[in-house]
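**Student:** Respectively, the protein sequence lines represent chains A and B. The numbers in my numbering rise by one with no breaks, and the one at position 481 of the first sequence is 481. The numbers in my numbering rise by one with no breaks, and the one at position 205 of the second sequence is 1205.
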Amino acid sequence: MMTDFRSVILLGLALVCAPAPAAHGDDARARAIDAVLALFEVRCAECHNARKRSGKLVLTAASGVARGGASGEVVAPGDLDNSVLWQRIAADDMPPEQPLSDGERAVVREWIAAGAHGLPPTSEVGHAGDGADHWAFQSPVRPPVPQLSDASVVVNDVDRFIQSKLESRGLSLGREAERTTLVRRVSFTLTGLPPTPDEIALFVADGSPDAYEQMVERYLASPHYGERWGRHWLDAAGYADSNGYFNADTDRPLAYRYRDYVIRSLNDDKPFDRFLIEQIAGDELAGYRPGADVTPENIDLYVATHFLRNSQDGTDSSDGNPDELQLDRFTVLEGTVQIIGSSLLGLTLQCARCHDHKFEPVTQREYYQLQAILFPAYNPDNWVKAADRTLTVATQAERDAHTAQTAKIEAQISALRESLQAARQPLRDLVIRERLAELDETERTAILIAKDKPAADRSDEEDELLKQHKALLDVSDEQLDERFAELAEFHKQIDSGIAQVESKRPPPLERIAVLTEVTDEPPVHHVLVRGAYREHGDEVEPGVPAALCRSRAGFTVADKSADQYSSGRRTALAQWLTSPDHPTVSRITVNRIWQEHFGQGIVASSENFGYTGSEPTHPELLDYLAAEFIESGWSMKHIHRLILNSQTYRQSSAPQAPALAADPQNKLLWRFPVMRLDAEAIRDAILAVSGLIDRTMFGPYVPTQRGSDGTVDVAADQPARFRRSLYLQQRRTQLPSLLEVFDAPSMVTNCPKRPNSTVTLQSLAQLNAPVMMECARAFAAQILKEAPNRDEDRLARACLLAWGRLPTTAEREAAAEFLALQAMLYADHGDGTELGWRDLCQMLLAANQFLYIE
Amino acid sequence: MTLQTFGRREFLNQSAGAVGSLALSWLLSREHPVLARGAGSSPRAKSVICLFQHGGPSQVDLFDHKPELNRRHGEKYPGEIEVHFTGQAGNLLGSPFRFAPAGQCGMQLSELLPHTGDIADEITLIRSMKTFTVDHEAGLRLIHNGKILAGRPTWGSWVLYALGSSNDNLPGYVVLADPEGLPIDGVRNWTSGWLPAVFQGTPFRSGTAPVLNLNVPEGISPEARARQLGFLDRLNRAHAEKFPENDELAARIANFEMAARMQTAIPDVLDLSDETAETQKLYGLDQQATAEYGRRCLLARRLVERGVRFVQLFLSGQPWDTHSKNAEQLRGLCGRTDQPSAALVKDLKRRGLLDSTIVIWAGEFGRLPISQGSDGRDHNGQGFSIWLAGGGFRGGHVHGATDDFGYKSVDDVVTVHDLHATLLHALGLDHVRLTYPHEGRDDSLTDEVVTGARVIPALLA
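(1) How would you call A/PRO290, buried or exposed, if buried means at least 16 neighbouring beta carbons within 10 angstroms?
(2) Buried or exposed: A/ALA853, going by 16 or more other Cβ atoms within 10 Å of its Cβ?
(3) Quick check: B/ALA1458 and A/LEU764, are their CB atoms within less than 8 angstroms of each other?
(4) Assess, as a yes-or-no matter, whether the stretch 579 to 590 of chain A is touched by the stretch 626 to 639 of chain A under the definition of 3 or more beta carbon pairs within less than 8 angstroms.
(5) Cβ of A/VAL674 less than 8 angstroms from any chain B Cβ?
(6) Can you tell me whether A/GLN782 is buried or exposed, with buried defined as 16 or more other CB within 10 angstroms of its CB?
(7) Per DSSP, A/VAL869 forms a beta bridge with which residues?
(8) For the beta strand (DSSP E) that contains B/ILE1370, what are its first and last residues?
(9) Near A/VAL262, what residues of its chain come up, given a Cβ to Cβ distance below 7 angstroms and the 5 sequence neighbours on each side ignored?
(10) Just the chain B side, please: which residues come within less than 7 angstroms of A/SER71 by C-beta, in chain order?
(11) For a test of the three-state rule: what should DSSP assign to A/SER7, helix, strand or coil?
(12) Who are the near neighbours of A/ALA558 in its chain, counting only those whose CB is closer than 8 angstroms to its CB and skipping five residues on each side?
(13) Where do the N-terminal and C-terminal ends of the beta strand (DSSP E) with B/PRO1203 fall, by residue?
(14) Candidates B/VAL1311, B/PHE1393, B/ASP1412, B/THR1435: which alpha carbon is nearest B/PHE1384's?
(15) So which residues of chain B does A/LEU697 contact, with C-beta pairs closer than 7 angstroms?
(16) What does B/LEU1214 touch in chain A if you count any residue whose Cβ is under 8 angstroms from its own?
(17) I need the DSSP call for A/ILE639, collapsed to helix, strand or coil.
(18) Is it the case that the Cβ atoms of B/ASP1061 and B/THR1402 are separated by a distance below 8 angstroms?
(19) With DSSP as the reference, label B/GLY1381 as helix, strand or coil.
(20) Quick one: which unbroken beta strand (DSSP E) runs of 3-plus residues sit fully inside the stretch 184 to 210 of chain A? Chain order, please.
(21) What span of residues does the beta strand (DSSP E) with B/VAL1410 cover, start to end?
(22) For chain B, find out if any of its Cβ atoms is closer than 8 angstroms to the Cβ of A/ASP323; answer yes or no.
(23) Taking the beta carbon of A/ASN789 as the centre, do at least 16 other beta carbons fall within 10 Å, making it buried, or is it exposed?
(24) So, at 7 angstroms on beta carbons, what are the nonlocal neighbours of B/ASP1178 in its own chain, with the 5 sequence-adjacent residues on each side left out?
(25) How many angstroms separate the CA atom of B/LEU1027 from the CA atom of B/ALA1162?
(26) Count the other CB atoms within 10 Å of the CB of A/HIS829; is the residue buried (16 or more) or exposed (fewer)?
(27) Got a sec? Which residues, its chain only, sit under 6 angstroms from B/GLY1074 by beta carbon, not counting five neighbours each side?
(28) Which residues in the same chain have their Cβ closer than 7 angstroms to the Cβ of A/SER265, if we skip the five residues on either side of it in sequence?
(29) Take B/ALA1120 and list the residues in its own chain whose beta-carbon comes closer than 7 angstroms to its own, dropping the five residues that flank it on each side.
(30) Have a look at B/THR1154 and B/ASN1145 and give me their C-alpha separation to the nearest angstrom.
(31) According to a CB-to-CB cut-off of less than 7 angstroms, which residues of the stretch 810 to 838 of chain A neighbour chain B?
(32) Which bits of chain B does A/ALA685 rub up against, with CB to CB less than 9 angstroms?
(33) Give a yes or no on whether the minimum CB-CB distance between B/THR1357 and chain A is below 8 angstroms.
(34) Take every Cβ of the stretch 1229 to 1237 of chain B, pair it with every Cβ of the stretch 733 to 750 of chain A, and state whether three or more of those distances are shorter than 8 angstroms.
(35) Do B/GLN1339 and the ligand MG come close, with the Cβ less than 7 angstroms from some heavy atom?
(36) Would you call B/GLU1448 buried or exposed, if buried means 16 or more other Cβ atoms sit within 10 Å of its Cβ?
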């Protein structure tokens, strides 16, 4: 009855608001739609709201009604027969639960028949709405958890959202995967490494009811967690160890400090809002001004700002052409804005550089407002080269002491050098005089006079004279030492004195690469007409796209205080981004976490949440996770727990016929997807399985080189060559070949989502890459050592290491036959057993059992 | 249900569960008639060789003779002109190069292109090209993937997706990169974007190892390797049994088979010793200036001969980007590329392959008729020239024209999108119907609704 009552009220409202027949004014026409929208709000908005957009149709805003849905426009003004909206209502298709009453129908019918006044022309709504009708531009709101008819299959609320959708399609969550499968899955997803046989045994044998949750906790607590998830964030942040842009792709030797900061922050589960604030405005937080102290207490704040330094930056190697120089500088600004756009805003912004965005609610002006936030730091007219954007890690007192100490040492050394010179001079004169003795006196005198004159005072004749007798006049230090033993002895003493002084020279102060503002007066920025940096349009103040400010979250730069150097613009950006109301930051972050756990985000286009992005498969779940994220104090580990402890995550990957038919893409998650390991996990796992891995954490990158055949890898004589992949030099133009072939990104801007390719070059690498052979040999040697006797034990051990489980019967048979064949082949070799096992181990690492997690 | 009504992708999706690797071998290697998805005209062309000339070759010095430009050399350009480097725009810069009629058709070509002159009667010269950006990366993406955005499938991927490969042993889309280095925008130039990864271009490196890890490592005999592969295949099949619906696992099984075959097929295709001295000379392998490019042009023919669907040659960096010393740089570039490019067309023709092979010579845009600095030319997207040969394109034909100065295409304008549509048409494909689902819609190379791409019948015989 509630509905009926409501309808009556509504109808009344509609009648009141409906244009009186006499009112033909434009105003009245424009208002005609109000009654219809009011009706839609009550009767249709549950599904056709800006967040849900069922059928991509939004009926809560005039622009949405005009734009229509997945099948196109839904209202043909004045033409009921061709208005899909009306047809569906008339046929009682919509709303599905309770059709509209006759009175309600009349409101819609009359409105369309009269010409659908108030509907904006479709040309105006195009794709680029104002954001009001698009889910991603509304703040996330914690949704109610769905009620299930059968809750026995679920573990937590994540499951309820998933199961509710499955139920609606007559499907259900699948059974739990085997324990060996689960531990391998969790180990790889949280640490990027395979579980060790001990870790597997511990979990498999654990009879406690929370054995699984405990296992998840063990991996969450692992220091390798930060390495794995740090790498994901570095992808989104566009991290590289080189400047890119030009083919020279020059070095970024200090970037690693930022990489290490990210790893530590994630291991500490630093609240994500704090993590962002540090990266965007750490210098302002630390109160930077030129000459500021960098201490153990605030160094992280400075190092974190390297997030804004990740863009390609060719300005160190730009050539002299002033036009190009300016272009190169603006490119850094653009790259940085683009990284912020795709990693945090979920918006493609580049289009708005030259004109208002055609598809997204971002004007050109807003694009330059975003640039203006960074403009005081990246000011093309007051540019600081990449290599010079550094700070020394010291206090002013330490810097002064260092300067004084250095000066003292320089002075001592030059005093020592001078005393040696002083000892040499008379002896050198003596030798010259001896040599000149053979000349006649007039000439000798002329030479000596000329020699003692300052060069500028000599006549041309004198210059000629000296040149002529150069051989006689040049007496080298070595010649003097040879001639005068005492001088040689003195020389030795001086050298050892210098060495002694040098040994006291303080090492150069450590430097960090940072982003800070260049002057204390922020420069004025303009819209650049058609993106041309010389064509200034209107002045712009710093700001953010209005479409992302639909809720309370606003962007305000605080007034600058007297003792403040930096403009505070980035602090304002960071505060806006980390406001709980911000529509994209929490969602895009939990979506990326989901993406790494399930191979695909709830929003598949994890870098683009705009109109052109994908629709969320589970919008309520996305908002639920966003709410959990914020309410847990922005704890990433909390989100991991929610996801990993869910039954959804624990499902088996086995196909089920009905579900496969209903949802072949597994969009509803009726099973856990079969996922290929990513590039770093493949290399790291191969090293781990073969026992070669070097688990040293942190520090400068391990340099790579391009071999004569084009392979990029760490040099064979590098002691650190088996470090984990994220510590290898991430040079944009020189990625380690094994990582590159498995889709590691060659960073151009950033990479919020890795591609997943399946190409023959990968198979060739698995078969023939030198590192594969080396690992196969080491793997085999380890197996033969650990399980020395029976082939069956050896195989079991090998499979446990490489695949995290024991071999199946079919696999055992295949291996046994293969070993027998290789044994015959290598019968004449002294190390036949080793060779056979090498060949076998290599194939275990090439097999899909290794390459994929289930 | 026939394949005509069924469509290639559907076939793959439906059948993968039952006959996973059969579907895969279909996908990767079977020669087959043009299939329902995108089938258009009856095709003459089966493969494409693109000699890509990036940087923006100067049309008025190479293909587009402009006496008026030369007459008014040094005068101010009468009108508005869109420049890239605003501070350095100069006055009209005439071409120092002589033009003369070439071939029976008598098309005017620059003295820098004597060898191209030899094939004038084979080529369709388009003098009215138009693109929509003068930024190199954006321009490269526009001509390679249809939009200025990165991450979309490139034209070779579309062709391979539509037609499949006809060689079991070689990748269907091969990129022959310059030994000096990658072109600007690197591997994006041959990405499969959101098409399945099997359709992405495979870059061959120069030198003896064109593909990394091609050779079996020392210490593993052919017998040992053969047994390893047999063992691996058993392991992978045992694994795939659990997931019969999984295309990717099946693809990986097929890839190992292909990897093994590539190990013999690639050295074979690279071994030029079975080419006669006359052929080698034709491509200029006997001269230092032309040897490197000539070798890659010859390789392109050998790849197409073996059924590779799409071959693209790149230069390193963006050599045609003649912002300064335009004339001097053009001499060097033409000295390097003119003879081998023409040799490829001649050689294809005499082997009866030109009918079924389209050769494209094109850059991402052209250059301005005014000077940049004293002796350079700035970017120009408003008008530029390209040529095509073979595969049903009209020989000895000049299409369209620019204005009196060679700045803007004015007659019979061909956009980059039109070029795509026409290229696909020549391969028997309908650019409107050759689509792939992406982010909620059926997207395509030309995205005709947005770009207005159309086939230009006048380009075809």
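Each residue gets a CB set at the ideal place from its N, CA and C atoms; glycine is no exception.
**Tutor:** Put simply:
(1) exposed
(2) A small correction: the amino acid at residue 853 of chain A is Ile; Ala does not occupy that position in the sequence shown. The residue is buried, with at least 16 neighbouring Cβ atoms inside 10 Å.
(3) The answer is no: Cβ separation not under 8 angstroms.
(4) yes
(5) yes
(6) Burial of A/GLN782 is indicated by the presence of at least 16 other C-beta atoms within 10 angstroms of its C-beta.
(7) The structure shown does not extend to residue 869 of chain A, since chain A is modelled only from 1 through 854, so no value can be given for it.
(8) 1370 to 1372
(9) GLY230, TRP233, LEU234
(10) In chain order: nothing, as chain B lies at least about 12 angstroms away.
(11) Low confidence applies here, because A/SER7 scores a pLDDT of 39, under 50, leaving its location unreliable and the question unanswered by this model.
(12) GLY568, THR571, ALA572
(13) 1202 to 1204
(14) B/ASP1412
(15) Looking at the sequence provided, one finds Met at residue 697 of chain A rather than Leu. Correct list: empty, because the minimum Cβ distance to chain B is about 30 angstroms.
(16) LEU764, ASN768
(17) helix
(18) no
(19) Here B/GLY1381 carries a coil assignment [DSSP, helix/strand/coil].
(20) none
(21) 1409 to 1411
(22) yes
(23) Exposed is the label assigned to A/ASN789, since fewer than 16 other Cβ atoms lie within 10 Å of its Cβ.
(24) PHE1314, LEU1315, SER1316
(25) Low confidence applies here, because B/LEU1027 scores a pLDDT of 46, under 50, leaving its location unreliable; read the following figure in that light. Answer to the nearest angstrom: the Cα atoms are 10 angstroms apart.
(26) With fewer than 16 other Cβ atoms within 10 Å, it is exposed.
(27) ASN1091
(28) PHE275
(29) ALA1102, GLY1103, CYS1105, MET1107, LEU1109, GLY1396
(30) 4 angstroms
(31) ALA810, GLU811, ALA814, PHE818, LEU821, GLN822, LEU825
(32) Per Cβ cutoff of 9 angstroms: no residues; A/ALA685 is ~16 angstroms from chain B at best.
(33) no
(34) no
(35) Absence of the ligand MG is noted for the structure shown, with no ligands found whatsoever.
(36) Note on B/GLU1448: 16 or more other CB atoms within 10 angstroms of its CB, so buried under the neighbour-count rule.
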